[in-house]
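In what follows, a single structure is set out as structure tokens and then discussed.
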Amino acid sequence: MTDVAKKTDTVTLTIDGIEVTAEKGELVIRVAERMGIAIPRFCDHPLLAPAGACRQCLVDIEGQRKPVASCTQTVAEGMVVKTQLTSEVAAKAQGGVMELLLANHPLDCPTCDKGGECPLQNQAMTNGRADSRFKEHKREYEKPIHISSQVLLDRERCILCQRCTRFSEEIAGDKFIDLMDRSSGEQINVYRDDFFGGEGTGDGQAGDGEGDVPFNSYFSGNTIQICPVGALTGEQYRFRARPFDLVSTPTACEHCAAGCSMRADHRRGKVLRRLAGDDPAVNEEWNCDKGRWGFQYQTADDRIMTPLLRDARTGELREASWSEALLAAAEGLTAARGNGGVGVLAGGRLTVEDAYAYAKFARLALGTNDIDFRARPLSAEEADFLAASVAGVSDVTYEDVENAPSAVIVGLEPEDECPILFLRLRKGHTRKKLQVTAVAPFLSRGFEKLGAALVPATPGDEARLLAGDPAVAAALAAPGALLIVGERLATVPGALSAAAALGARTGARLAWVPRRAGDRGAIDAGCLPNLLPGGRPVSDPAARAEISLAWDTEAGKLPTAPGRDTDAIVAAAAAGQLGGLLVAGVDPSDLADPRLAEQALDAAGFVVSLELRHSAVTRRADVVLPVAPAAEKSGTYLNWEGRLRSFETVLPTTAMTDGRVLEAIAALIPSNHPAAAQETTKGISLGTGDVMAIRRELGTMPPTRSARSVAPAVAATALPGTGEHEAVLATWRQAIDQGSLLEGDDVLAGTARPPVVRISRALAAGLGVIDGDAVTVATDRGAITLPAEVTRELPPHVVWLPTNSPGSTIGRSLGVTAGAVVRLTAGRPGPVLASSEVTA
Amino acid sequence: MGTFTGSFKGFGVTFAHMFRKVVTTDYPFTPPTPAPRYHGRHILNRHPDGLEKCIGCELCAWACPADAIYVEGANNTDEERYSPGERYAGIYQINYARCIFCGLCIEACPTRSLTMSNEYELARDSRQDLIFTKKELLAPLLPGMEQPPHPMRLGGTDKDYYLGALDNPGTSVGAERAPWSESGTEDAATAVDADARPETAGTLRRPGQSAKEAV
Chain A
5 MTDVAKKTDT VTLTIDGIEV TAEKGELVIR VAERMGIAIP RFCDHPLLAP AGACRQCLVD
65 IEGQRKPVAS CTQTVAEGMV VKTQLTSEVA AKAQGGVMEL LLANHPLDCP TCDKGGECPL
125 QNQAMTNGRA DSRFKEHKRE YEKPIHISSQ VLLDRERCIL CQRCTRFSEE IAGDKFIDLM
185 DRSSGEQINV YRDDFFGGEG TGDGQAGDGE GDVPFNSYFS GNTIQICPVG ALTGEQYRFR
245 ARPFDLVSTP TACEHCAAGC SMRADHRRGK VLRRLAGDDP AVNEEWNCDK GRWGFQYQTA
305 DDRIMTPLLR DARTGELREA SWSEALLAAA EGLTAARGNG GVGVLAGGRL TVEDAYAYAK
365 FARLALGTND IDFRARPLSA EEADFLAASV AGVSDVTYED VENAPSAVIV GLEPEDECPI
425 LFLRLRKGHT RKKLQVTAVA PFLSRGFEKL GAALVPATPG DEARLLAGDP AVAAALAAPG
485 ALLIVGERLA TVPGALSAAA ALGARTGARL AWVPRRAGDR GAIDAGCLPN LLPGGRPVSD
545 PAARAEISLA WDTEAGKLPT APGRDTDAIV AAAAAGQLGG LLVAGVDPSD LADPRLAEQA
605 LDAAGFVVSL ELRHSAVTRR ADVVLPVAPA AEKSGTYLNW EGRLRSFETV LPTTAMTDGR
665 VLEAIAALIP SNHPAAAQET TKGISLGTGD VMAIRRELGT MPPTRSARSV APAVAATALP
725 GTGEHEAVLA TWRQAIDQGS LLEGDDVLAG TARPPVVRIS RALAAGLGVI DGDAVTVATD
785 RGAITLPAEV TRELPPHVVW LPTNSPGSTI GRSLGVTAGA VVRLTAGRPG PVLASSEVTA
Chain B
4 MGTFTGSFKG FGVTFAHMFR KVVTTDYPFT PPTPAPRYHG RHILNRHPDG LEKCIGCELC
64 AWACPADAIY VEGANNTDEE RYSPGERYAG IYQINYARCI FCGLCIEACP TRSLTMSNEY
124 ELARDSRQDL IFTKKELLAP LLPGMEQPPH PMRLGGTDKD YYLGALDNPG TSVGAERAPW
184 SESGTEDAAT AVDADARPET AGTLRRPGQS AKEAV
């Protein structure tokens, strides 16, 4: 309502002789832009605060002594503006600025990555002089310096517009890059010791000197995209192509649940770069470095290109034809179906369409509800919570986050686990009135940048805090407050129950934020043991009848009992109770107990793996079927809001979607229904071969009439006791880590935050360690040794480790999850521990 | 009457031609010498120390109206340097099945790396052979040149190469002229250097040389 009221508050001004009405407070350059008058500019960016740094947008305003920068000048009643189109003064001023900007700009265009899409090049051609009057030597700096392993800075090209520094400070909050020095030597740089007379290496390369701070922001790629010259370039795209070589395709990011829209540029069958797409409702114009640069997995050397079959004689995988492999998979799965059943591990990387194909395949072809997309520590309580509060719900949007008065975040580190949500939270915090309350073990860097209030939580204690902490309840009291819970809360018994109850009690809206792009879509597509597509409970006969109708099968054919979840499937397979496993993109290392998962894969009678690259699963599979990566198929992700993020094929190849492969297998599997026992030759028609067909099928499925299941009510458990030199483990995944989609991406890995073990002051004092000392965290299974970082707010008996960073793989090395009790020792482990680490 | 005089007229033309200059060329045995400005196949020139002049900027590919040129840039390092400066052409291809010899690429080249020679014998047995890569296009090493990759020998930065380019042009001056041209450069006129000239590399013959001798 207030927005409407504001809009009536307008002024009338004249630009180039045309009268125009504008909102009060609007900038002259924006009003001109709306009228179709292009004023040249470099520093101006609609999402950044006005700076007036480059002076290119000078216009003549009546009554002003000198030309005025239109990007900082707000409109006023009766103002008469003349741009370069109607005013000699403005044109001359702009020409002069352009000449001065070019005076020190090197003639680098042929070697510069920006050449061909460079605002300076373009505007010099349209508005600049044809020749140069500057005959003297141009200013020289050392040619590109690495300000991080990924970002290169060429100070000769820089025009000091400060878009990068303003982005880093205003949007990302990572003020690693700034203006330094004075006068003609003024330059953009990162902090370097030698720059300030300290003991640097003197060669200008950042990160070599002891006190140097490289530009290791998760959002550094955005500065490259908004740099109006070629001063900031990326190592990965360096010299790879020119704009005219590239074919651009809008797409969606496949990494996290933020659901950024992106643009993928490809040349000769290879994606060379990805840029943030412009989607004001979701990612505005930003994305994170993982989404921008983490696509090398598509072209990795170990990509599987042909079906593989385990040779009965040698026991090794051998290449096979599609028809042979599909038949082997169908026969093996048919046999396994009658011999204990088949479990389906779908993983969180699937598009909605592919997840739906798995859900349909499990129910129709395998006759089971043993399907789960969760490839991480989980609980049965979580499945009930997802059915009750998440499936089919899209209640909270990015806009709500930005405008909320208060948000309580539990079980989620937004900067690491959903970077674009973090940016929106930060926008709400810095530009609006959002107050963030973090229920977390300590204030991480991301929370610090959000100005969050900390409710210190020992892992496992979140349920109690959500149920009864006054600070949490107070933060949610305001109308419009949000309760944002992360997927990590699944490991805390009672926490999700308490979150749902708290939401209902306070009226705060609840948002569940998973980590992977396909997680949210898999819930709605029915990849859960207790849910059919569309959030229909498996146990409800009416819901089953709806699905039977949609799938054109006889009522009563669908399996009725809720199935096993990932942990139960793994346990059953390890115990030899399952006849087979169908595994999509799942890495056993991500599961709660990687060792047990690998035993399960070994023990399962028949394993079919649909994979992109060789993994711990394909090494144990009987049939490996290659599928298309995100760039080579079309599909849809559902982001954490529940917003559809559809994308089309970037690279047309012969690679097949999971849905098409499953359809081909199903066509060879005889129906298992008693009535159809005679006609065994007839296969099952899945109808998931074509993405458009699935979209039509999903689109015509009417909303369910069955009642939503009730939220779980699991009681909180008491915290485990800790002895001396023992601590409760807190952990989450850092944004840039050893995830399988980032594997082999060394340049990107160089910008990751260095893995440390965070220990409380009490523990540090007890162990006698200070920052940087090696601390070993051990369980009965293994140990992890990392440099310590003493963290002030950590509760006394809590230790934090990254989940999957170099030197710290929790599941594999320690065999535990968050909330477990671990032992701490100062220094490196002794020989006994060391050997157990090796075997782990 | 008309037939009679008509026959004489016709024979008159024939007789007249007997005294004119012969236009037939004895092509495979004495190939004709084109004008110095003739647009023949391309050459990628070198700096005087053997480094490539091409910086992989793709401006030639951009200018090409026939889409005959394909370039992929790559990063020079101190350990492995092919050209002065940051960038060199990792891949450089000209497809002579597409090239129309218009010379726009030569005009676009910012380092005078790409020039055209007078060589016109470009017939090949397969389309694949008509795609010339750096191997075929790069100028041969003259005496004093060194096969890249090697460090910059003419100064500390790429500017030392470009600022001194007029006095010390490497292979780009005269490269477009055939060695048999009267206005050919001094080094091209000497027999030793003629072997090393880019235009005479490969199976191209010099005047007076028979086809058999050339092979």
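Read top to bottom, the protein sequences are chains A and B.
Numbering-wise, the first sequence is residues 5 to 844 according to my numbering.
Numbering-wise, the second sequence is residues 4 to 218 according to my numbering.
Cβ coordinates follow ideal geometry from the N, Cα and C atoms, glycine included.
A quick note: this is a predicted structure, and the numbers were derived from the prediction, not measured.
A/Lys274 is outside the set of residues whose beta carbon lies under 8 Å from a beta carbon in chain B. Nearest in C-alpha terms to A/Gly539, of all of A/Leu614, A/Val714, A/Ala768, is A/Val714. Neighbours of A/Arg246 in chain B, taken as residues whose beta carbon is under 9 Å from its own, are Cys60, Glu61, Leu62, Ala64, Trp65, Val74, Gly76 in chain order. Residues Leu487, Leu514 of the same chain have their beta carbon placed closer than 6 Å to that of A/Gly507, with the five preceding and five following residues left out of the count.
Rounded to the nearest whole angstrom, the CA to CA distance from A/Arg196 to A/Met184 is 10 Å.
At least 8 Å separates the CB of B/Pro151 from every CB of chain A. Distance from the CA atom of A/Glu491 to the CA atom of A/Val440, rounded to whole angstroms, is 19 Å. Collapsing the DSSP output to three states places A/Gln439 in a strand. Of the residues assessed, A/Met660 falls on the buried side of the cut-off, its CB having 16 or more other CB atoms within 10 angstroms.
Below 8 Å, too few C-beta pairs join the region 794 to 801 of chain A and the region 735 to 745 of chain A to call them touching: fewer than three. Taking C-beta atoms as the reference points, A/Ile192 and A/Arg159 count as a pair closer than 8 Å. Proximity of the region 375 to 393 of chain A to the region 474 to 481 of chain A falls short of the contact definition, fewer than three beta-carbon pairs being nearer than 8 Å. Legend: CB atoms of the region 86 to 117 of chain B lying less than 7 Å from CB atoms of chain A belong to residues Gly88, Glu89, Arg90, Pro113.
Chain order gives the chain B residues near A/Pro114 as Ile58, Cys60, Leu62, Pro113, where near means a beta carbon separation below 7 Å. For A/Ile230, the uninterrupted alpha helix (DSSP H) run begins and ends at 224 to 230, by DSSP. Beta-bridge annotation (DSSP): A/Leu321 is paired with A/Arg314. By alpha-carbon distance to A/Ala512, the top candidate from A/Gly21, A/Ala502, A/Asn643, A/Leu733 is A/Ala502. Inclusion of A/Asn291 and A/Cys264 in the CB contact set at 8 Å is warranted, their separation being smaller than that value. In its chain, beyond the 5 residues on either side, Leu666, Ala670, Leu690 have a beta carbon closer than 7 Å to the beta carbon of A/Phe365. The Cβ atoms of B/His50 and B/Gly106 do not sit closer than 8 Å to each other. Contact check between the region 112 to 122 of chain A and the region 64 to 75 of chain A: fewer than three CB pairs, one atom from each, fall below 8 Å, which does not count as touching.
Annotated as distal: A/Asp594 and A/Ala620, with beta-carbon spacing of 8 Å or more. Assignment of beta-bridge partners to A/Tyr301 by DSSP yields no partner. Collapsing the DSSP output to three states places B/Thr114 in coil. Put simply, the backbone Cα of B/Thr160 is about 23 Å away from that of A/Ser136. In terms of CA proximity to A/Glu239, A/Val155 leads the group A/Val155, A/Leu250, A/Phe446, A/Lys139.
In terms of Cβ geometry, B/Cys60 and A/Thr14 do not form a close pair [threshold 8 Å]. DSSP places A/Met266 in the uninterrupted beta strand (DSSP E) bounded by 265 to 271. Counting C-beta pairs closer than 8 Å gives fewer than three between the region 362 to 376 of chain A and the region 389 to 405 of chain A, which falls short of the contact rule. For A/Phe243, the nearest beta carbon of chain B is closer than 8 Å to its own beta carbon. Taking A/Gly295 as the centre and dropping the five residues before and after it, the same chain places the C-beta of Cys257, His259, Cys264 closer than 6 Å to its C-beta, in chain order.
Distance between A/Ala722 and A/Asp465, taken at the CA atoms: about 8 Å.
Judged by DSSP secondary structure, A/Ser650 falls within the beta strand (DSSP E) whose first and last residues are 648 to 651. According to the DSSP assignment, A/Thr115 belongs to no beta strand (DSSP E), since it is labelled neither H nor E. In the DSSP assignment, B/Asn78 falls within the unbroken beta strand (DSSP E) covering 72 to 78. Using a 10 angstroms sphere on the CB of A/Ile163, the tally of other CB atoms reaches 16 or more, which defines it as buried.
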